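The block underneath contains the structure these notes are about, expressed in structure tokens.
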Amino acid sequence: MSLELLTDILIATVPLALIFSTLFAFTTWLERKTLARIQNRIGPNKVGIPCTRISLFGLGQPAADGIKMIFKEDIVPKGADRLFHLLAPILALIPAMLVLCFLPLKFPWTESLLPVQAFLLDSAVIFFFAITGINTIAVFMAGWASRNKYSLLGGMRAIAQMVSYEIPLVLSAVIVVMRVGSLNAAEIAGAQAGGNWFIFSPWGLTAFVIFFIAALAETNRSPFDLPEAESELVAGYFTEYSGFKFALFFLAEYISIFAISGLAVTLFLGAGNGPGLPNLPWLSIVCFLVKVFVLIAIMIWLRGTLPRLRVDQLMGFAWKFLLPLSIVNILVAGFAWHAQQQENTIITVITWLVAIIVLYSTAKGLNQLSRAKLKMREYKYAE
Amino acid sequence: MNGEIAFWILSAIAVLGALVAVRKRNLVHGVFALLVFFAGLSGLFLLLLAEFIAAVQVLVYIGAVGILLLFAIMLTERVAGDDGRRMTSRGWFWGLLAATAIFLVLLLPPIQQWPAPEAAQTVEPSVEQLGHKLMNPYVITLEVLALLLTAALIGAVTAAQAVRLDKEDEPPV
Amino acid sequence: MTLLGSGIFKGMAVTFRNFVGSYFQRERLPTNDYSWRTEGSLPQHAGDYPKEEGEQLRDTTTVTNYSRNFPMLLHDGGEPAETIRCVACQICERSCPPQCIYIEKSTEKKEDASGKMQFYPATFDIDVSVCMSCQICVEVCPFDAIVMNSQFELSTPNRFGGLLLRRGDLLKSNDYYHKIHPEEAAARDKRIADEKTAKEAKKKAAAEAAKKKAEAKAKAEVEAGEGRSE
Amino acid sequence: MTLHHYLILAAVLFTIGLIGAFTRRNAIVVLFSIEIMLNAANLNFIAFWRYSDNPELLYGILFTLFAIAVAAAEVAVGLALVIAVYRHFRSIDLEVMDTLKEE
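Residue numbers (this note's numbering), protein chains in the order written: chain G, 1 to 383; chain Z, 1 to 173; chain P, 1 to 230; chain E, 1 to 103.
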């Protein structure tokens, strides 16, 4: 391998890892602070710059947590599979970090390099979904290697949930791929230049909502955090993890939240294209990250609001609501674009109206169908 | 030169993964080794400039087949530890013999044409071309495949479904 | 019950109100600081955890009137081991859900505070690293011997035995109880006193009834004797 | 690298799969082995496509794509059968399932 290629790859990828690791620390602080405020608490506010009395709203908390995590004792349960217990957090982190390469973040210093960035690949979006799928294996590995019933239960729950929600996730991304005619992330970003975002249409909005819900489930965020439900399964698949391995899981979880929010921004929210902003390289990166943080703020807000779902509700929601709705959405989008081939305002308005009616009634009907049938409890053995 | 190093590393990964997957007594370890094999093969596909197939390999084999195998293992036997039973089948010797024979047969074509005549093409197919192929000349195949997958889905669900007994007092099979 | 609906947005509006309100309305933050709250309803020493380096907490026993964490054993003043209320009946040991209490009954009886002969706990250990602060031991104790403490500075460098509280650590006087939980302690003392007076009244009544009965019996016997003699 | 490297590698992988399918008793391991053989065949398809005269026709890619889809269907049905068999025999040992054999 030529040295030039290697250095170019490093120059293109190392900043990604650094930026997102820093943002991870900031996000943990943001999440704790926001959740605390939602619950009428203050949240972390003591830790700041060491050896001074400056507390900086507790911004030193993530660093302090990190130092604590590193120096904590690493416990491997008796009877656990030591090798896989060690490998699981690493395997969780690697795909999470890898998929960051598929986000169309064009740093200004990469202009002069060889085109080594992964988002220039012809099938970047497919790669994104494929590599995200590896995360499932890591979760199972962690649950299985711990030799703990709760861990294994959490792992199995996680697998069932991730596999189910991957289908609506991919199907809602299909809308965008259909429209752009490419799986290339850079082309998808380019197709949305000038405020022409995909979310600004009935089918695009529906697809975005489905994508966002499925992304919440895919990253085990509340209200879909059954795999790590602390009140049911202690902590799910990472019950038996402590110290640095736990920190790796934590990092992987947040990095995958960044990655999937980044993909949502790429697919539906116009990537780095700001509304009415000039197309400068730095500005587009800032714009991208701001949009990612808006999505993360909504995730935190939802976490502070919604209670956790039951397992049957979770699976039913994926298979009976999201999947049919996303299939209907693909059909609607296809017909709408077929009808809109000529530039005609009346036809556009009509297709929009029809699409809104069809999508709304489908969602409403599916919601009614998935309504749980309440009946009187039957007592079999007690009278 | 780079390609050669990558080829040797990736083929070593694939062969080791396959060997461990086939010989490991612990089934969960076997599945993890099989996943390593799939990953190595996906790297080889990338090396052959078939990036779409590499992505599909990861998506289908690691993301779906591996999970399915893990679920099947969890639903059937106790996997951890040594149960002390014989691992190989009764006719293992004849199986080994037949496998060796087939291996020799498979080696014949490369040996007959040694050294290899042609060099690799460097045409990189775009996913768009592939899509046009799938939608124009091969659309019937694609539809048949979709039908096959649906049938397999329904068949798998029916086959794996627990037998529902009408009488409640009989224990479930 | 459907999953999707306007309820999600209503809930989000509520949490948003809480989020914004917590920056503007101080009374929304109950954990912030106690000094501004209605004065007089809280103990004098209640306050924030020290912010500045070198500042000491005036008292590490309690934050508020209402805080409770781990159990303690009560004695009625004087030499703790002499006036311990616990009689080692082991009800709390049996009802403790995480089984963090360990009691060894004494072999001989000893006079307690009221002068009655009772057993006493030779060993009484509570492992507070296991205790879940459920207060069930307090609920079941028929002798008002175990109540909740609010001492919160418990950290220790010894990981194995540091959090195992022995009998000596657990014994606290009733006066201390009055200091940390005044209302609860007063209510409890009143109840004990009421029970005592009720018991005494009952005893008195029973004694009187017995006396009456004996008199009646004696009278009847006298009458019977008289009758026989006739 | 020449085509022959890939062919020999595929032959080795196929033989490993074959050995697994012939010598193991566990039904799930036999399924692993079948997957390994299918993947070896896929490797051959891709290698032949890469070294063919006109790769722009995409024959190898298309064939592999279809093979992967069929393999996925095969695994799903195979594992469903394994589970059904397990329910019946309480074992996934292939030598236990000999009720159709002549005694």
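From the three backbone atoms N, C-alpha and C, an ideal C-beta is built for every residue, glycine too. Note that this is a predicted model, so its numbers are computed, not measured.
Contacts of residue i in chain E (Cβ-Cβ under 9 angstroms)
i               : result
V127 of chain Z : What V127 of chain Z touches in chain E: nothing, since even the nearest Cβ is about 10 angstroms away.
Helix, strand or coil at residue i [DSSP, three-state]
i               : result
S33 of chain E  : helix
V147 of chain P : strand
A122 of chain P : strand
K105 of chain P : strand
E111 of chain P : strand
A80 of chain Z  : In this predicted model, A80 of chain Z has a pLDDT of only 47, less than 50, meaning its place in the structure is not dependable enough to derive any value.
M72 of chain P  : strand
R25 of chain E  : coil
D127 of chain P : strand
T99 of chain E  : coil
I8 of chain P   : helix
P43 of chain P  : Note that P43 of chain P scores a pLDDT of 45, beneath 50, so its modelled location is shaky; the value from the coordinates is reported in the next line. Note: P43 of chain P maps to coil in three-state DSSP.
M117 of chain P : strand
L165 of chain P : strand
I54 of chain G  : coil
I91 of chain P  : helix
I16 of chain E  : helix
D225 of chain G : coil
G155 of chain Z : helix
T15 of chain P  : helix
D93 of chain E  : strand
Cutoff 8 angstroms; reference residue i; Cβ partners in own chain excluding five residues on either side
i               : result
S126 of chain Z : none
V30 of chain E  : G20, A21, R24 and L94
A80 of chain Z  : Because A80 of chain Z sits at a pLDDT of 47, beneath the cut-off of 50, its placement in the model cannot be relied upon, and the following sentence gives the value as read from the coordinates. Here the set comprises N26 and V28.
T38 of chain P  : Only weak support exists for where T38 of chain P lies, its pLDDT of 43 falling under 50; the coordinates are left without a value.
G66 of chain Z  : V31, L34, L35 and F38
Within chain Z, the residues that residue i reaches when beta carbons sit closer than 7 angstroms
i               : result
V163 of chain G : I67
Closer than 7 angstroms at the beta carbon, the chain G residues around residue i
i               : result
M135 of chain Z : Residues of chain G passing the Cβ test: none, with the nearest at roughly 12 angstroms.
M12 of chain P  : W301 and T305
R28 of chain P  : N40
Boundaries (first-last residue) of the alpha helix (DSSP H) holding residue i
i               : result
Y237 of chain G : No alpha helix (DSSP H) contains Y237 of chain G, which DSSP labels as neither H nor E.
L81 of chain E  : Y59 to F89
M97 of chain G  : R82 to L98
R37 of chain G  : L3 to I38
N135 of chain G : A124 to A145
K78 of chain G  : It is not in any alpha helix (DSSP H) - K78 of chain G carries neither H nor E in the DSSP assignment.
L70 of chain Z  : G66 to L75
N329 of chain G : L323 to A339
T110 of chain Z : In the sequence as displayed, the identity of residue 110 of chain Z is Pro instead of Thr. Run containing P110 of chain Z: W92 to Q112, per the alpha helix (DSSP H) assignment.
T206 of chain G : P202 to E218
M178 of chain G : K149 to V180
Neighbourhood of residue i by C-beta, 7 angstroms cutoff - its chain only, sequence neighbours within 5 removed
i               : result
S41 of chain P  : Residue placement at S41 of chain P is flagged as unreliable, the pLDDT there being 46, under the threshold of 50; a coordinate-derived value is accordingly withheld.
R308 of chain G : S222, P223, D225, L226 and A229
K109 of chain P : M117, Q118 and F119
V292 of chain G : F258, S261, G262 and V265
F63 of chain E  : F45
A33 of chain Z  : G17, V20, A21 and K24
Endpoints, beta strand (DSSP E) assigned at residue i
i               : result
L171 of chain P : L171 to S173
Amino acids of chain P, ordered along the chain, whose beta-carbon sits closer than 9 angstroms to that of residue i
i               : result
N220 of chain G : Within chain P, no residue comes near N220 of chain G; the closest Cβ sits about 18 angstroms away, beyond 9 angstroms.
Chain Z contact residues for residue i, given Cβ-Cβ distances below 8 angstroms
i               : result
I183 of chain G : According to the sequence as given, residue 183 of chain G is Leu; it is not Ile. In chain order: V127.
Under 8 angstroms by beta carbon: chain G residues contacting residue i
i              : result
N18 of chain P : R37, I38, Q39 and N40
T15 of chain P : I38, W301, G304 and T305
Contacts of residue i in chain G (Cβ-Cβ under 9 angstroms)
i              : result
S22 of chain P : A36, R37, I38, Q39, N40, R41 and I42
Cβ-based neighbour list, residue i, same chain, cut-off 6 angstroms, excluding 5 preceding and 5 following
i               : result
I356 of chain G : P202
K33 of chain G  : G43
I91 of chain P  : V140
Amino acids of chain E, ordered along the chain, whose beta-carbon sits closer than 7 angstroms to that of residue i
i              : result
F32 of chain Z : Near F32 of chain Z there are no residues of chain E at all, since even the closest Cβ is about 11 angstroms away, more than 7 angstroms.
A39 of chain Z : Those do not exist, as A39 of chain Z stays about 11 angstroms from chain E at its closest Cβ, beyond 7 angstroms.
E51 of chain Z : Neighbours of E51 of chain Z on chain E: none; closest Cβ ~10 angstroms, over 7 angstroms.
For this session: Would you check if there are 3 or more beta carbon pairs closer than 8 angstroms linking the stretch 290-299 of chain G to the stretch 161-175 of chain G?
Result: In this structure the stretch 290-299 of chain G does not touch the stretch 161-175 of chain G; the number of beta carbon pairs closer than 8 angstroms is below three.
Exercise. For the 8 angstroms Cβ check, are there 3 or more pairs between the stretch 70-86 of chain G and the stretch 116-131 of chain G?
Worked result: no
For this session: Can you give me, in chain order, the residues of the stretch 110-126 of chain G that have a beta carbon less than 7 angstroms from any beta carbon in chain A?
Result: Here the protein chains are G, Z, P and E, and chain A is not one of them.
Exercise. Should the stretch 94-113 of chain G be called in touch with the stretch 15-30 of chain G, which here means at least 3 C-beta pairs below 8 angstroms?
Worked result: yes
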